[in-house]
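Undergrad: Residues in the sequence shown are numbered consecutively from 21, following the numbering used here.
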Amino acid sequence: MPLEEKIETIYQQVRARNPGEDEFHQAVKEVLESLGPVLVKYPEFAEKRVIELVCEPERQIIFRVPWQDDRNEIHINRGFRVEFNSAMGPYKGGLRFHPSVYLGIIKFLGFEQLFKNALTGMPIGGGKGGADFDPKGRSDGEIMRFCQSFMIELYRHLGEHTDVPAGDVGVGGREIGYLFGQYKRITNRYESGVLTGKGLGWGGSLVRKEATGYGAVYFLREMLAVRKGTLEGKTCVVSGSGNVAIYTIEKLQQLGARVVACSDSDGVIVHEKGIDLALVKRLKEIERRRIADYGSLHRDARYIAGGNIWDIPCHVAMPSATQNELNGKDAGRLLANGCIAVAEGANMPCTPEAVRLFLDAGIAFGPGKAANAGGVATSALEMQQNASRDSWTFEYTERRLDDIMTRIHAATFETAEEFGAAGNYVVGANIAGFLKVARAMVAHGLV
Ligand code: NDP
Ligand code: 2IT
Numbered sequence: 021m022p023l024e025e026k027i028e029t030i031y032q033q034v035r036a037r038n039p040g041e042d043e044f045h046q047a048v049k050e051v052l053e054s055l056g057p058v059l060v061k062y063p064e065f066a067e068k069r070v071i072e073l074v075c076e077p078e079r080q081i082i083f084r085v086p087w088q089d090d091r092n093e094i095h096i097n098r099g100f101r102v103e104f105n106s107a108m109g110p111y112k113g114g115l116r117f118h119p120s121v122y123l124g125i126i127k128f129l130g131f132e133q134l135f136k137n138a139l140t141g142m143p144i145g146g147g148k149g150g151a152d153f154d155p156k157g158r159s160d161g162e163i164m165r166f167c168q169s170f171m172i173e174l175y176r177h178l179g180e181h182t183d184v185p186a187g188d189v190g191v192g193g194r195e196i197g198y199l200f201g202q203y204k205r206i207t208n209r210y211e212s213g214v215l216t217g218k219g220l221g222w223g224g225s226l227v228r229k230e231a232t233g234y235g236a237v238y239f240l241r242e243m244l245a246v247r248k249g250t251l252e253g254k255t256c257v258v259s260g261s262g263n264v265a266i267y268t269i270e271k272l273q274q275l276g277a278r279v280v281a282c283s284d285s286d287g288v289i290v291h292e293k294g295i296d297l298a299l300v301k302r303l304k305e306i307e308r309r310r311i312a313d314y315g316s317l318h319r320d321a322r323y324i325a326g327g328n329i330w331d332i333p334c335h336v337a338m339p340s341a342t343q344n345e346l347n348g349k350d351a352g353r354l355l356a357n358g359c360i361a362v363a364e365g366a367n368m369p370c371t372p373e374a375v376r377l378f379l380d381a382g383i384a385f386g387p388g389k390a391a392n393a394g395g396v397a398t399s400a401l402e403m404q405q406n407a408s409r410d411s412w413t414f415e416y417t418e419r420r421l422d423d424i425m426t427r428i429h430a431a432t433f434e435t436a437e438e439f440g441a442a443g444n445y446v447v448g449a450n451i452a453g454f455l456k457v458a459r460a461m462v463a464h465g466l467v
């Protein structure tokens with residue numbers, strides 16, 4: 021069978037075996053489209069059916085999460101953990117609490133994660149989990165009870181050498197605290213390395229909170245350096261106002277860029293003088309309010325309810341909220357407005373059409389797998405500190421993160437060149453990540 025036909029057949033099988041899971045299909049398609057030249061160079065991977073194997077999660081866990089709210093009303097949510105691939109190390113990846121969560125979202129995230137984790141060069145496999153729970157407007161007590169109910173089922177699948185979750189959308193330091201407390205209580209073990217993103221006083225790592233955003237900006241800095249550019253004086257737009265967005269904005273500002281807009285799912289803030297990050301942190305990290313309130317607190321900022329952040333002209337766009345938040349139309353507008361670089365802080369935020377437009381236009385495009393790998397890489401640094409009962413300084417940990425991102429950039433850049441797609445970091449990241457996982461899988465035999 022000709023190669024292209026073979027890959028298409030594999031893709032159609034994945035679709036048929038995982039009906040209705042659109043996001044998972046999209047993530048698989050994007051990777052498979054890059055793998056043709058790999059099968060030409062390494063026919064062994066086709067003979068051993070490594071692509072089919074890598075598309076099938078090793079284990080998928082779905083469980084009931086019952087809990088009671090503050091008025092004693094009963095709620096029943098659905099929890100997930102997809103343990104995708106352990107060829108490189110224990111399953112590793114975040115937990116997402118958002119009402120949109122279903123198996124297809126967790127699978128797409130787990131699939132992306134396994135290649136991303138391989139790219140970091142750290143010994144971590146790929147997994148992802150979460151629940152269709154909506155934390156918005158919930159009290160602290162409700163969040164705690166939900167986390168405890170979630171963990172009483174999930175704990176049996178976890179372990180520092182087995183599966184190590186962290187945060188993602190809707191899961192930050194507070195939730196990791198409640199999850200860790202419940203795990204410790206059930207197992208009667210102070211097993212620090214079982215979760216990452218922990219608080220600094222009880223096994224967390226400095227820089228983990230900042231790592232995804234900082235890392236994405238380091239990746240962007242490297243892409244611009246190849247083109248003899250810097251961030252100094254560049255106008256930037258960062259979607260979202262959660263963990264990734266906040267620390268993306270922080271590092272962009274530190275490197276001399278001007279960030280003029282951010283958002284949440286209700287609307288967009290435009291502040292031409294530059295986003296006041298201290299205010300965003302207060303509203304989002306402490307008071308858990310909506311970004312609309314930024315508009316009422318800053319007279320020279322503009323709030324656009326239901327607005328589209330990609331309408332705002334910029335040199336650099338960093339989608340940092342959620343999947344498929346930037347479509348072909350948005351990409352066309354960004355390009356028309358003079359955008360020269362896009363780095364994905366979120367997982368799969370650009371639709372396939374948007375990615376194609378960016379690549380065709382020849383601008384610098386950093387796919388999430390590579391650009392947002394700093395978060396999970398620093399999770400692996402946290403595991404390293406836990407294993408050695410050590411804690412490193414901010415400066416040292418940040419240097420390690422910078423070094424990892426610089427190496428991921430170099431590896432994806434060089435791999436793209438080697439496989440005849442110079443400048444295409446999508447191809448570079450997919451092939452470099454796949455090769456590491458595939459080689460380990462072949463070495464382990466048919467398991
Ligand atoms: P947070 O929960 O801290 O923030 C998410 C932000 O995105 C919020 O501003 C939220 O707005 C917005 N958002 C989330 N879901 C949607 C949606 N369905 N529609 C519109 N807006 C939405 O999450 P993170 O910052 O941690 O995660 C953001 C992205 O980065 C995700 O794609 C995540 O998978 C990815 N990522 C996260 C890493 C990490 O270490 N945390 C590492 C690598 C990638 P609102 O409050 O209105 O919902
Ligand atoms: O998408 C991601 O890489 C994360 N949410 C972070 C995962 C982790 O284990 O730190």
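We put the CB at the ideal spot given by N, CA and C, even for glycine.
Once you ignore the five residues that flank Gly388 on each side, which residues in its own chain have a CB closer than 8 angstroms to its CB?
TA: Here the set comprises Glu132, Lys136, Glu364, Gly365, Ala366, Asn367, Met368, Pro369.
Undergrad: Restricting to runs no shorter than 4 residues, where is the alpha helix (DSSP H) found entirely within the segment 288-374?
TA: Whole alpha helix (DSSP H) segments, 4+ residues: 297-301, 312-317, 348-356.
Undergrad: Since Ala231 contacts Thr398 with CB under 8 angstroms, what's their CB separation in whole angstroms?
TA: Yes, they are in contact, since the Cβ atoms of Ala231 and Thr398 sit about 4 angstroms apart, within 8 angstroms.
Undergrad: Would you list the residues sitting across from Ala151 in a DSSP beta bridge?
TA: Beta-bridge pairing links Ala151 to Gly99, Phe117.
Undergrad: Provide the residue span of the alpha helix (DSSP H) that contains Gly235, from first to last.
TA: 228-246 is the span of the alpha helix (DSSP H), which, as asked, contains Gly235.
Undergrad: Using a threshold of 8 angstroms, state whether the C-beta atoms of Ala391 and Ala236 are closer than that.
TA: Their beta carbons are under 8 angstroms apart, which means Ala391 touches Ala236 by this criterion.
Undergrad: Indicate whether the contact test is met: 3 or more Cβ pairs, each with one atom in the segment 331-342 and one in the segment 272-281, closer than 8 angstroms.
TA: A contact exists between the segment 331-342 and the segment 272-281.
Undergrad: Using beta carbons (cut-off 8 angstroms, strictly below), is Phe239 in contact with chain B?
TA: Protein chains in the displayed structure number just one, and chain B is not present.
Undergrad: Using CA atoms only, rank isn't needed, just tell me which of Gly193, Gly262, Arg319 is closest to Lys218.
TA: The option with the nearest alpha carbon to Lys218 is Gly193.
Undergrad: My guess is that Ser169 and Trp87 are in contact by the Cβ rule of under 8 angstroms, so how many angstroms apart are they, rounded?
TA: Contact flag correct, Cβ pair sits at about 5 angstroms.
Undergrad: List the DSSP bridge partners of Asn105.
TA: In the DSSP output, where bridge partners are listed per residue, Asn105 has Gly146.
Undergrad: Just to confirm, are Gly262 and Lys304 a CB contact at a threshold of 8 angstroms?
TA: Yes; because the gap between Cβ atoms is below 8 angstroms, this pair is in contact.
Undergrad: Where in the segment 160-222 do unbroken runs of the alpha helix (DSSP H), each at least 4 residues long, occur, reported from the N-terminal end onward?
TA: DSSP runs (the alpha helix (DSSP H)) wholly in the segment 160-222: 160-174, 193-207.
Undergrad: By the DSSP assignment, the alpha helix (DSSP H) with Ala384 in it spans what residues?
TA: Counting along the chain, Ala384 falls outside any alpha helix (DSSP H), though it belongs to the beta strand (DSSP E) covering 384-386.
Undergrad: Pick helix, strand or coil for Thr255, following the three-state DSSP scheme.
TA: Thr255 falls in the strand class under three-state DSSP.
Undergrad: Less than 8 angstroms between the C-beta atoms of Ser120 and Ile451, yes or no?
TA: No. Outside cutoff.
Undergrad: Taking C-alpha atoms, which residue in Asn208, Ile206, Val214 lies nearest to Gly187?
TA: Among Asn208, Ile206, Val214, the Cα nearest to that of Gly187 is on Val214.
Undergrad: Flag Asp188 as yes when its Cβ comes closer than 7 angstroms to any non-hydrogen atom of ligand 2, and as no otherwise.
TA: At least one heavy atom of ligand 2 is nearer than 7 angstroms to the Cβ of Asp188, so yes.
Undergrad: Using 7 angstroms as the cut-off, classify the Cβ of Gln133 as near or not near the heavy atoms of ligand 2, replying yes or no.
TA: Under cutoff, so the answer is yes.
Undergrad: Considering only the beta carbon of each residue, do Lys112 and Val396 sit closer than 8 angstroms?
TA: It is a contact, given that the beta carbons lie within the stated cut-off.
Undergrad: Alpha carbon to alpha carbon, what distance is there between Lys301 and Leu13?
TA: Nothing can be reported for residue 13: it is not among the residues displayed for the chain, which extend from 21 to 467.
Undergrad: Start and end of the beta strand (DSSP E) containing Pro86?
TA: Per DSSP, Pro86 belongs to the beta strand (DSSP E) from 79-88.
Undergrad: How would you call Lys248, buried or exposed, if buried means at least 16 neighbouring beta carbons within 10 angstroms?
TA: With fewer than 16 other Cβ atoms within 10 Å, it is exposed.
Undergrad: Buried or exposed for Ile125, going by 16 or more other Cβ atoms inside 10 Å?
TA: By the neighbour-count rule (16 or more Cβ atoms within 10 Å), Ile125 is buried.
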